[in-house]
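Structure, as structure tokens:
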Amino acid sequence: MGAKKWMRTPKGYVAIAMILYLIVASIGSLTWMGVKNSLISVGAAFLIDLVYCAIFKRKSSRDSTVITGFIISLILGFTTSWPVVAATAMIAILSKHLLVYKKKPIFNPAAFGLFFSIFIFHTGQSWWGAFGDLPVWTIIFILISGYLVTDRVNKYPQVLSYLGFTFVLLFFMGLLNIGDASDALRPPFINATLFFVFFMLTDPPTSPAKPRSQVIFGILAAVSGTIVYGIFGGLTYLYIGAFIGNLYSYFNKRLSSVKSAAKMQRVNSGHRVLGK
786 MGAKKWMRTP KGYVAIAMIL YLIVASIGSL TWMGVKNSLI SVGAAFLIDL VYCAIFKRKS
846 SRDSTVITGF IISLILGFTT SWPVVAATAM IAILSKHLLV YKKKPIFNPA AFGLFFSIFI
906 FHTGQSWWGA FGDLPVWTII FILISGYLVT DRVNKYPQVL SYLGFTFVLL FFMGLLNIGD
966 ASDALRPPFI NATLFFVFFM LTDPPTSPAK PRSQVIFGIL AAVSGTIVYG IFGGLTYLYI
1026 GAFIGNLYSY FNKRLSSVKS AAKMQRVNSG HRVLGK
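Taking the working numbering, the leading residue of the sequence shown gets 786, the next gets one more, and so forth.
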């Protein structure tokens, strides 16, 4: 695939957006430590992917590996030690290969690695690549690139249902003084939410394609995640919401496979009867 053609693919859009975010966030933060962590994260992701694919003779998806590495580095604090950055990226890639259904990951790899790094390494996740520490107007970069990615992967029902239910629930929780709901509607939380919904929740292998299923996915992720936020606070609610949505997509695919198999069996039985 040529470079121009690749740049027009969903993965190409995401990869370009991640690189631009890295540059803008690094300039705004007045440090290039994030660039170093990005190189470590992408390098570690490539290494574990290469080793796994070589041992088990699997085909490597280099584009998704690079994107996973970038996402991890943009969410982990740029002061995170390099061994932790590398280990988080490796956990993410291993989940992509080990937790699969029909050779597709069940959970978003970046979300999986980042979630478990909190408990294993006690990582501080600043989402600095979502411009939470920069002027509010920089959020326009997330909106523009997020719109382009959503359009390319055709995930409008999922994105809109997630954002709609999340914001409405947080609004009412704020009125009822439940948790710190009002904080979630302001930077840097809103930046993290937009980054998450545009670049992680829309991951094609771990989310449904049909509009109706996308709406259900978005609602499940939003409601479950928001409930977790109201009880515990923090930003882990984004990952938990994603996992609930991923599980819905997984079981939905399995159900569709069972129905397809049953239909095929009925057709074959009919053919045998007619053959007699």
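Idealized CB from N, CA, C, for every residue including glycine.
| task | Would you mind listing the alpha helix (DSSP H) stretches within the region 991-1053 that are 4+ residues and don't spill past its ends, in chain order? | result | As far as the region 991-1053 is concerned, its whole alpha helix (DSSP H) runs of at least 4 residues are 996-1017.
| request: Please confirm if Thr-1011 has its CB atom under 8 Å from at least one CB of chain D. | output: The chain labelled as chain D is not found in the depicted structure, where only one protein chain is given.
| request: Tell me whether Pro-920 sits in a helix, a strand or coil according to DSSP, three-state version. | output: Here Pro-920 sits in coil by DSSP.
| request: Might you give, ordered along the chain, the residues of its own chain that have their beta carbon closer than 6 Å to the beta carbon of Leu-1007, omitting 5 neighbours on each side? | output: Here residue 1007 is Ala; the residue named in the question, Leu, does not match the sequence. Contacts found: Tyr-947, Phe-950, Thr-951.
| What residue does the alpha helix (DSSP H) around Lys-796 start on, and which one ends it? | Following the DSSP letters along the chain, one finds Lys-796 inside the alpha helix (DSSP H) bounded by residues 795-814.
| said: Considering only DSSP beta bridges, list what Tyr-886 is partnered with. | reply: DSSP lists Lys-889 as the bridge partner or partners of Tyr-886.
| query | Are Ser-1042 and Ile-1029 closer than 8 Å when you measure CB to CB? | reply | No, they are not a contact pair.
| said: Check this for me: beta carbons of Ala-1027 and Phe-980, under 8 Å apart or not? | reply: No, the Cβ-Cβ distance between Ala-1027 and Phe-980 is not below 8 Å.
| Under 8 Å between the Cβ atoms of Thr-873 and Gly-898? | Their beta carbons are under 8 Å apart, which means Thr-873 touches Gly-898 by this criterion.
| query | Excluding the five sequence neighbours on either side, which residues of its own chain have a C-beta within less than 8 Å of the C-beta of Leu-807, listed in chain order? | reply | Annotation for Leu-807: Gly-819, Val-820, Ser-823, Phe-855, Ser-858, Leu-859, Gly-914 place their beta carbon closer than 8 Å to its own, counting only its chain and skipping 5 residues before and after.
| field | Thr-1011 vs Leu-954 beta-carbon contact at 8 Å | value | Yes.
| query | Should Pro-894 go down as buried or exposed, given a rule of 16 or more other Cβ atoms within 10 Å for buried? | reply | The residue is buried, with at least 16 neighbouring Cβ atoms inside 10 Å.
| query | Which runs of the alpha helix (DSSP H), 4 residues or longer, sit entirely within the region 836-901? | reply | If we require 4 residues or more, the alpha helix (DSSP H) runs fully inside the region 836-901 come out as 847-860, 867-883.
| Closest by CA to Thr-816, which one among Ala-830, Phe-863, Lys-842, Trp-791? | Comparing Cα-Cα distances from Thr-816 to each of Ala-830, Phe-863, Lys-842, Trp-791, the minimum goes to Phe-863.
| request: Tell me, please, whether the region 867-884 touches the region 837-847 by the rule of three or more beta-carbon pairs shorter than 8 Å. | output: By the Cβ criterion, the region 867-884 is in contact with the region 837-847, since at least three pairs of Cβ atoms, one from each stretch, lie closer than 8 Å.
| request: Note down, in chain order, each residue of its chain lying with its Cβ closer than 6 Å to the Cβ of Pro-989, except the 5 sequence neighbours on either side. | output: If we look at Pro-989 and ignore the five residues flanking it on each side, its Cβ neighbours are Val-938.
| request: Using the Cα positions of Val-827 and Met-1049, report the straight-line distance between them to the nearest angstrom. | output: Approximately 43 Å between the Cα atoms of the pair.
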